[in-house]
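What the sequence shown shows, in our numbering, is residues 83 to 330, in sequence order. All C-beta atoms, glycine included, are put in the ideal place defined by N, C-alpha and C. Owing to the predicted nature of the structure, the values given are computational and were not obtained by experimental measurement.
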Amino acid sequence: MITVSNLSLRFGKRTLFEDVNLKFTQGNCYGVIGANGAGKSTFMKILAGEVDQTSGSVSFTPGERMAVLNQNHYAFDEITVLETVMMGWKELYSIMKEKDAIYMKEDFSEADGNRAGELENIFAEMNGWNAENDAATLLSNLGISEDKHYKLIKELDGNEKVRALLAQALFGNPDILILDEPTNDLDIETIGWLENFLADYQNIVLVVSHDRHFLDTVCTHIVDIDFSKMNIYSGNYSFWYESSQLAL
């Protein structure tokens, strides 16, 4: 669960958010909407810890893992596509790298053996032995053919980079998924796959999108940012829109 308490954000004399109180719960997909400049992406960055609020707090259920759709298309240029996806689960990736480094030692000690055993147990509990296959399946589902999985990210075209970073965010079924414009550069078939994936997702999803059909398909709730306030409404985008028109 995500709990936002008395959150405010000011830039100089401008107030972007004022005294916001919200809760986001498991099994729901929240579409974040608002006019251009309302602060949709900024709010997502606050949740992701990339922007500090002026006051108030954001808290999470202990132990929950968050994944964020990376907007930097050049951050992983020197890394293979498959490895880039697996880097989305930082803890698992760190264990993989530490484990590999231990096994590559020429002077493998008893302490190294004990540590490797500990890591192997954790790795198995995290279903790490299926990680590479799971990452490859995500990439294929998002339209990146198997022959490109071991290429460097910089060898992909712009659309393919977007898909690889989306696979990175989805990898390992994070407890909280933050997606800012995830349908950009996706074709209709891939958008359909993503819609089905999110519709079946059992954890928390927050998504910003200008694609109203996408919001209609995946969202269980709408978060409306309006004049520094935020309110959560049950239902998809069309339900929110019809209700808002009746209120005029």
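Where residue i and residue j are concerned, what is the direct C-alpha to C-alpha distance, given to the nearest angstrom?
i: I258; j: C301; result: 15 Å
i: N118; j: G254; result: 32 Å
i: T272; j: H295; result: 14 Å
i: G274; j: L224; result: 10 Å
i: T221; j: H231; result: Looking at the sequence shown, residue 221 is not Thr but Leu. Each residue's alpha carbon lies about 8 Å from the other.
i: G138; j: D229; result: 48 Å
i: N88; j: I226; result: 43 Å
i: L288; j: A198; result: 37 Å
i: I115; j: P144; result: 28 Å
i: D159; j: E237; result: 8 Å
i: A217; j: Q250; result: 8 Å
i: N278; j: T299; result: 9 Å
i: A120; j: G170; result: 29 Å
Please confirm whether residue i and residue j have their CB atoms less than 9 Å apart.
i: V290; j: D308; result: no
i: M83; j: E146; result: yes
With DSSP run on the structure shown, which of helix, strand or coil describes residue i?
i: H295; result: helix
i: E100; result: strand
i: V244; result: helix
i: V290; result: strand
i: D267; result: coil
i: K230; result: helix
i: F106; result: strand
Looking at the unbroken alpha helix (DSSP H) that takes in residue i, where does it start and where does it end?
i: R197; result: 192-207
i: T219; result: 213-223
i: I314; result: That residue, I314, is in no alpha helix (DSSP H); its beta strand (DSSP E) goes 311-316.
i: V167; result: 163-168
i: M178; result: 172-185
i: S139; result: Note, S139: premise wrong, no alpha helix (DSSP H); beta strand (DSSP E) at 137-142.
i: I128; result: 122-129
State the start and end residues of the unbroken beta strand (DSSP E) segment that holds residue i.
i: D306; result: 303-308
i: M343; result: Outside the shown range of the chain (83 to 330) lies residue 343, about which nothing can therefore be said.
i: N88; result: 84-93
i: N259; result: Here the sequence assigns Leu to residue 259, which means Asn is not the residue at that position. Unbroken beta strand (DSSP E) run through L259: 258-262.
i: G116; result: 111-116
For residue i, is the classification buried or exposed, using 16 other Cβ atoms within 10 angstroms of its Cβ as the cut-off for buried?
i: T107; result: exposed
i: G240; result: exposed
i: Q284; result: exposed
i: A213; result: buried
i: W211; result: exposed
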